[in-house]
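Asks: Could you have a look at this structure, given as structure tokens, before my questions?
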RNA sequence: GCGCUUGUAGCUCAGCAGGAUAGAGCGACCGCCUCCUAAGCGGUAGGUCAUCGGUUCGAUUCCGAUCAAGCGCACCA
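In this note's numbering, the protein residues as written are 360 to 925.
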């Protein structure tokens, strides 16, 4: 039910047609505090039209409005404040949530259209860092929110599994590595070789020539190079999967850079056919000056292709394969220019669907104010952060709830939940400096706070099993106390929140919402005895159940689990 | 130099399409468990919303300029 409509109707009638409905609707706003009502109509704009003081206009409107559908309508200064009928609202909202369960908030915005999401995309032979976490959890959450609004997300892990770094890696492995070492601890050993390579090639530039030679061999299909490449790739993927399992993230495709090797010639010849390719300083470029962009480098002086060539091939492949209605790239904001170029080149090719490509940028994670760098060995290993978080969660459980069953499982849900939630609770674009204590905090505005609130509500429902709710219309869910009102208003706004989150590709909208809902319910919980056996018991249980349900669904949209007990 | 992003309490951040006393969390200080999980609830302290202009009845919110920070700016991805 649209409660704003009720207010518009009332105002339209009171104003006797002097203002159009759409103008009234646009003017209505949400008061800052619920003490000022649920909707407010400011009379300022009318002051000029009617040539009267807004305060007087407001009180006149208030006296004319049919109060029948509201608890109260009153003029406060230049505003007309509307207080909704709490009992009716409460009954409607709670019945709807209990009836719809986890599908509460579902809506059809996408008509089941395909949306590809380029996300995570770690580099083979390098560990997954906190930077990849951002892309992974933001992409994962956007996928879930898209699904809830009836899009069909396709999660693509565009692995960095090709490029000159493999030449370096093979050379480093041949120089310093052994098979036994790599097998024992693949990612860390491979990283060690890689970092050492970059240290030593400063003084021994000839190493770079060797590396280039190895990459050339790899491209030409040299058996040893290919064997090593395949081996590095599969070992890396194995260890990536362990982390993705911890995070609970799955992918629909692992087609990475190597996958597009044989698909770039077509891109180049397309560009040639359209006469877009020019030579500049020995390289092949597409001029983008009419877009106010730097030229896109398609081929290097030595004829080798570049990043954008591969992404062009990937974009075209995805359009052909999935016929997407949107194509998202969850990639750090430092690559903004790259995606502008990508879209511009596609546009030049006459591909109108380039407008459906959206770069979803996010802010940088730094450590001690410095940018993370694999080459410099300055990395924060996601796996270690997750393990730390789980260990800390376990410790917390031993202190606070030592009798809990499934301690290990809950510790994992809480620890991992804390890390994911921390990443999603703020706007994507904000930079943040990594602080382990902050990431694994369990108090205040954190994932575990929301999980805890959910667990508390579930605990109440367990204790009231003898009075289990039927959800039938005959049950009365009419609450009208001030304490529950904020909770009810928040519950009602869930679908609007989902809508906003999907429009802005912004999981933080959902995370913030879950914090608000949890906070308002905790307040209610502290002031109201839910299990008191009186005539409103059923209604209060319906509220607790609705809160648990919406909190769980909010967390699910973020990719965070909601344990029943913790 | 050009482009993108950001600038709100000591720290981390909210503030949705401009509107009624600018809100949380953390940190500090002080309260609340014979009562549904205290991973909780409440209180106190703390802000010229970077600066200056403009639009408007009204600007933290929109526009412009300035200052500051981060990130980019052709043969890495």
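The beta carbon of each residue, even a glycine, is placed where N, CA and C say it ideally should be.
Three or more C-beta pairs closer than 8 Å, one from the region 783 to 793 and one from the region 756 to 764: is that the case here?
Replies: The region 783 to 793, when compared against the region 756 to 764, does not touch it at the 8 Å Cβ threshold.
Asks: In terms of residues, what are the limits of the beta strand (DSSP E) holding residue 686?
Replies: Locating residue 686 in the first chain gives position 327, where the first residue counts as 1. Element bounds for residue 686: 685 to 689.
Asks: Just list the beta strand (DSSP E) runs in the region 741 to 817, keeping only unbroken ones of 3 residues or longer that don't cross its boundaries, in chain order.
Replies: Complete beta strand (DSSP E) runs here, min 3: none at all.
Asks: Does the region 383 to 401 come close enough to the region 429 to 446 to have 3 or more Cβ pairs within less than 8 Å?
Replies: With a cut-off of 8 Å, the region 429 to 446 and the region 383 to 401 count as touching, because enough Cβ pairs lie within range.
Asks: Quick check: what's the CA-CA separation for residue 891 versus residue 904?
Replies: For the purposes of this step, residue 891 is identified with residue 532 of the first chain, where counting begins at 1. For the purposes of this step, residue 904 is identified with residue 545 of the first chain, where counting begins at 1. Going by the C-alpha atoms only, they are around 16 Å apart.
Asks: Cutting at 6 Å between CB atoms, please list the residues of its own chain near residue 819, excluding the five before and the five after it.
Replies: Counted from its first residue, the first chain places residue 819 at position 460. If we look at residue 819 and ignore the five residues flanking it on each side, its Cβ neighbours are 889 and 903.
Asks: Write down the C-beta distance between residue 475 and residue 671 rounded to the nearest angstrom, noting that I regard them as a contact closer than 8 Å.
Replies: As a working mapping, residue 475 is identified with position 116 in the first chain. As a working mapping, residue 671 is identified with position 312 in the first chain. Not quite, the Cβ-Cβ distance comes to about 15 Å (not below 8 Å), so this is no contact.
Asks: Which two residues bound the contiguous beta strand (DSSP E) that contains residue 639?
Replies: Locating residue 639 in the first chain gives position 280, counting from the first residue. Note, residue 639: beta strand (DSSP E), 636 to 639.
Asks: Can you grab the Cα-Cα spacing for the pair residue 362 / residue 851, in whole Å?
Replies: As a position in the first chain, residue 362 is number 3, starting the count at 1. As a position in the first chain, residue 851 is number 492, starting the count at 1. About 10 Å.
Asks: On a Cα-Cα basis, can you pick out the residue from 382, 917 and 843 that is closest to residue 868?
Replies: For the purposes of this step, residue 868 is identified with residue 509 of the first chain, where counting begins at 1. Answer by Cα proximity: 917.
Asks: Using the C-alpha atoms, what's the distance from residue 521 back to residue 626?
Replies: Working through the first chain from its first residue, we reach residue 626 at position 267. Working through the first chain from its first residue, we reach residue 521 at position 162. If I take the Cα positions, the gap works out to 18 Å.
Asks: Whose CA, out of 792, 789, 815 and 683, lies closest to the CA of residue 473?
Replies: As a working note, residue 473 is residue 114 in the first chain. The option with the nearest alpha carbon to residue 473 is 683.
Asks: Verify whether the separation of the beta carbon atoms of residue 909 and residue 779 is less than 7 Å.
Replies: To locate residue 909, count along the first chain from 1; it is residue 550. To locate residue 779, count along the first chain from 1; it is residue 420. Result no, Cβ atoms of residue 909 and residue 779 do not sit closer than 7 Å.
Asks: Decide if residue 788 is buried, meaning its Cβ has at least 16 other Cβ atoms within 10 Å, or exposed.
Replies: The count along the first chain starts at 1 and reaches residue 788 at position 429. Exposed is the call here.
Asks: At the level of alpha carbons, what is the spacing between residue 499 and residue 514?
Replies: Mapped onto the first chain, residue 499 falls at position 140. Mapped onto the first chain, residue 514 falls at position 155. Rounded to the nearest angstrom, the two C-alpha atoms are 8 Å apart.
Asks: Contact defined as beta carbons within less than 8 Å: I believe residue 883 pairs with residue 843. What is the distance between those atoms, to the nearest angstrom?
Replies: Here the question's residue 883 lines up with position 524 in the first chain. Here the question's residue 843 lines up with position 484 in the first chain. Sure, about 6 Å apart at Cβ, within 8 Å.
Asks: Using 10 angstroms around the beta-carbon of residue 508, count the other beta-carbons present and answer buried if the total reaches 16, otherwise exposed.
Replies: Residue mapping note: residue 508 aligns to position 149 of the first chain, counting from 1. Burial call: buried.
Asks: According to the Cβ coordinates, are residue 414 and residue 390 closer than 7 Å?
Replies: Translated into positions along the first chain, residue 414 becomes position 55. Translated into positions along the first chain, residue 390 becomes position 31. No, the Cβ-Cβ distance between residue 414 and residue 390 is not below 7 Å.
Asks: Going by the CB atoms, is the gap between residue 528 and residue 926 shorter than 7 Å?
Replies: Because the chain spans 360 through 925 in this model, residue 926 falls outside it and cannot be assessed.
Asks: Would you give the residue range spanned by the beta strand (DSSP E) that residue 442 belongs to?
Replies: Counting from one through the first chain, the residue named residue 442 turns up at place 83. Residue 442 -> beta strand (DSSP E) spans 438 to 443.
Asks: Quickly, what does DSSP pair residue 514 with across the bridge? List them, please.
Replies: For the purposes of this step, residue 514 is taken as residue 155 along the first chain, with counting starting at 1. DSSP output for residue 514 lists 476 as bridge partner(s).
Asks: Grouping DSSP H, G and I as helix and E and B as strand, with all else coil, what is residue 376?
Replies: Reading the first chain from its first residue, position 17 is the one you call residue 376. Three-state DSSP puts residue 376 in coil, outside helix and strand.
Asks: Quick one, are the C-beta atoms of residue 490 and residue 856 less than 7 Å apart?
Replies: Looking up residue 490 in the first chain gives position 131. Looking up residue 856 in the first chain gives position 497. No. Outside cutoff.
Asks: Thinking residue 834 and residue 897 are a contact (beta carbons under 8 Å), I'd like their distance in whole angstroms, please.
Replies: Looking up residue 834 in the first chain gives position 475. Looking up residue 897 in the first chain gives position 538. So it is a contact: roughly 6 Å between Cβ atoms.
Asks: With three or more C-beta pairs closer than 8 Å as the rule, is the region 795 to 812 touching the region 743 to 755?
Replies: Touching, per the Cβ criterion.
Asks: Quick check on the DSSP output: the beta strand (DSSP E) that includes residue 556 runs from which residue to which?
Replies: Mapped onto the first chain, residue 556 falls at position 197. Looking at the DSSP string, residue 556 is not in any beta strand (DSSP E); the run it does join, the alpha helix (DSSP H), is 545 to 559.
Asks: Determine the burial state of residue 586: buried for a count of at least 16 other Cβ atoms within 10 Å of its Cβ, exposed for fewer.
Replies: The residue given as residue 586 occupies position 227 in the first chain. By the neighbour-count rule (16 or more Cβ atoms within 10 Å), residue 586 is not buried but exposed.
Asks: Which first and last residues belong to the beta strand (DSSP E) in which residue 828 is found?
Replies: One-based indexing of the first chain puts residue 828 at position 469. Where residue 828 is concerned, there is no enclosing beta strand (DSSP E), given that its DSSP letter is neither H nor E.
Asks: Closer than 7 Å by C-beta to residue 505: which residues in its own chain qualify, once you throw out the five before and the five after it? Chain order, please.
Replies: Taking the first chain and counting its residues from 1, one reaches residue 505 at position 146. Contacts found: 469, 474, 512 and 861.
Asks: By Cβ distance below 7 Å, which residues in the same chain neighbour residue 728 in space, the five residues on each side in sequence not counted?
Replies: The residue you call residue 728 lines up with position 369 of the first chain. Here the set comprises 792.
Asks: Counting Cβ pairs closer than 8 Å, one from the region 792 to 803 and one from the region 411 to 425, do we hit at least three?
Replies: Because the criterion of three Cβ pairs below 8 Å is not met, the region 792 to 803 and the region 411 to 425 do not touch.
Asks: Below 6 Å CB to CB, which residues in the same chain sit around residue 556 once its five sequence neighbours on both sides are set aside?
Replies: In the first chain, residue 556 corresponds to position 197, counting from 1. Around residue 556: 527 and 531.
Asks: Determine the extent of the alpha helix (DSSP H) in which residue 718 is found, giving its start and end residues.
Replies: Position 359 of the first chain, counted from the start, is the residue given in the question as residue 718. Here residue 718 belongs to no alpha helix (DSSP H); instead the beta strand (DSSP E) covers 716 to 719.
Asks: Return the residue from the list 845, 894 and 901 that minimises the CA-CA distance to residue 875.
Replies: Taking the first residue of the first chain as 1, we reach residue 875 at position 516. Here the closest residue by C-alpha is 845.
Asks: Helix, strand or coil: which one does DSSP assign to residue 889?
Replies: Numbered from 1 along the first chain, position 530 holds the residue referred to as residue 889. Residue 889 falls in the coil class under three-state DSSP.
Asks: Have a look at the DSSP bridge pairing and note the partners of residue 897.
Replies: The residue labelled residue 897 in the question sits at position 538 within the first chain. According to DSSP, which records beta bridges pairwise, residue 897 is partnered with nothing at all.
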